[in-house]
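What follows is a set of notes on a single structure, which appears directly below.
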Amino acid sequence: MAPAEKGRYDGILNVDKPQGWTSHDVVAKIRNLTRQKQVGHAGTLDPMATGVLVVLLGQATRLSQFVSGHRKEYRAVIRLGVETDTHDSEGKILSTKEVPPFTREEIEEVLSRFTGEIEQVPPMYSAIKKKGVPLYRMARKGIEIEREPRKVTIYELELEEINLPVVTLRVTCSAGTYIRSLARDMGKELGCGAILSSLVRLASGPFKLADAIPMDKIENAASSGNLPDLILPMEVGVQEFPKVLFSRTESEKLLHGQMIPASGGIQAPVARAYDEEGKFLALVSFDREKNAWRPKKVFAQ
-5 MAPAEKGRYD
5 GILNVDKPQG
15 WTSHDVVAKI
25 RNLTRQKQVG
35 HAGTLDPMAT
45 GVLVVLLGQA
55 TRLSQFVSGH
65 RKEYRAVIRL
75 GVETDTHDSE
85 GKILSTKEVP
95 PFTREEIEEV
105 LSRFTGEIEQ
115 VPPMYSAIKK
125 KGVPLYRMAR
135 KGIEIEREPR
145 KVTIYELELE
155 EINLPVVTLR
165 VTCSAGTYIR
175 SLARDMGKEL
185 GCGAILSSLV
195 RLASGPFKLA
205 DAIPMDKIEN
215 AASSGNLPDL
225 ILPMEVGVQE
235 FPKVLFSRTE
245 SEKLLHGQMI
255 PASGGIQAPV
265 ARAYDEEGKF
275 LALVSFDREK
285 NAWRPKKVFA
295 Q
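Counting in our numbering, the sequence shown runs from -5 upward without gaps.
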């Protein structure tokens, strides 16, 4: 993929985030490598976590709300018998307990309580803001405030391995799910406490770990001028929406923010708009009242 213009890339990088890096560290590094400010990510990973971090470049940053909403898949290693203030292995130990000789059936019964739509209290050590201040800043000062439970959905929760006091889970969940909170709540239900020991994001929507690119490969590609080869077209991040083709005249009107009468067929709430040459132009929404496509996100050509 070539830059849209000198010094600017429009597209998506599926990054395999290294352990110890914050998501912001990755974004800052890619900003430096691409020499462009318009870089963001679609779904934070904690520093201890590794795996798929979807990085958006240029005009692709305008798709953030859609790409961030994809369901996620994780492999989580959970250690029973410990509680920390961060609910993971990097926090301060608050308590330890003896771990009973749980059977697979006993653990799976507890896991069944967390499948489907559940309410989850976010951890204090999170980027969620209260009156404009991230909770983790308050937590670092020893301040704890009440957090409202949030509804999240856990589609699949599979017990992959038991080696007490450690269990390994594969979790498929909605965006916004905290795996640290899942570990904490699982520990409460088992009566011995639990923390998240390690976490790998296996997938975020269509972006898979098998295709994720390590940071050193991205750096090497940037230094050799081959970075465009690693950047995916931005429409890959919204491929779940149907495709609608527009004529040259319609495309011109669409790019100028005008509504386009629908000619039947697809009437999806959101669709990807393409011109006759197959160029991705915009995201459009269907206006039932006017039987027309309304521009939602238009991309400069």
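The beta-carbon is built from N, C-alpha and C at its ideal position, and this holds for glycine as well. Note that this is a predicted model, so its numbers are computed, not measured.
Span of the beta strand (DSSP E), counted from its first residue to its last, around residue i
i	result
SER198	188 to 198
LEU39	Counting along the chain, LEU39 falls outside any beta strand (DSSP E), and DSSP gives it neither H nor E.
When the options are compared against residue i, the one with the closest alpha-carbon
i	options	result
VAL61	VAL49, VAL71, ILE72	VAL49
GLU113	HIS35, HIS64, LEU176, SER89	LEU176
HIS18	PHE201, VAL33, LYS273	VAL33
VAL93	SER58, ARG141, LEU277, ILE156	ILE156
ARG107	GLU183, ALA262, PRO200	GLU183
THR90	ARG98, HIS81, PHE96	HIS81
PRO263	LEU158, ASP281, MET253	ASP281
ILE139	LEU193, PRO116, LYS145	PRO116
MET42	ASP10, THR109, MET132	ASP10
Nearest-angstrom Cβ-Cβ length linking residue i and residue j, presumed shorter than 8 Å
i	j	result
ALA206	GLY85	Contact doesn't hold; Cβ gap of about 27 Å is too wide.
PRO255	ALA286	5 Å
VAL161	LEU153	7 Å
GLU242	ASP269	The residue asked about is misnamed: residue 242 is Arg in this sequence, not Glu. So it is a contact: roughly 7 Å between Cβ atoms.
LEU275	LEU248	6 Å
GLY231	LEU57	5 Å
ARG65	GLY199	7 Å
First through last residue of the alpha helix (DSSP H) which encompasses residue i
i	result
LYS247	242 to 249
HIS296	Nothing about residue 296 can be reported from this structure: the residues present for the chain run from -5 to 295 only.
LYS211	209 to 218
PHE60	58 to 61
ALA204	Note, ALA204: premise wrong, no alpha helix (DSSP H); not H, not E.
ALA177	173 to 184
GLU138	Counting along the chain, GLU138 falls outside any alpha helix (DSSP H), and DSSP gives it neither H nor E.
For residue i: DSSP bridge partner residues
i	result
ALA267	VAL238, ALA276
GLY45	LYS11, ARG195
SER168	Partner(s): none; SER168 has no beta bridge.
PRO289	VAL278
GLN114	ARG144
THR90	VAL76
ALA160	It is Val, not Ala, that sits at residue 160 in the sequence shown. Looking at the DSSP assignment, VAL160 forms a beta bridge with ARG73, ASN157.
*Does the pairing of the region 65 to 80 with the region 182 to 194 give three or more beta-carbon distances under 8 Å?*
yes
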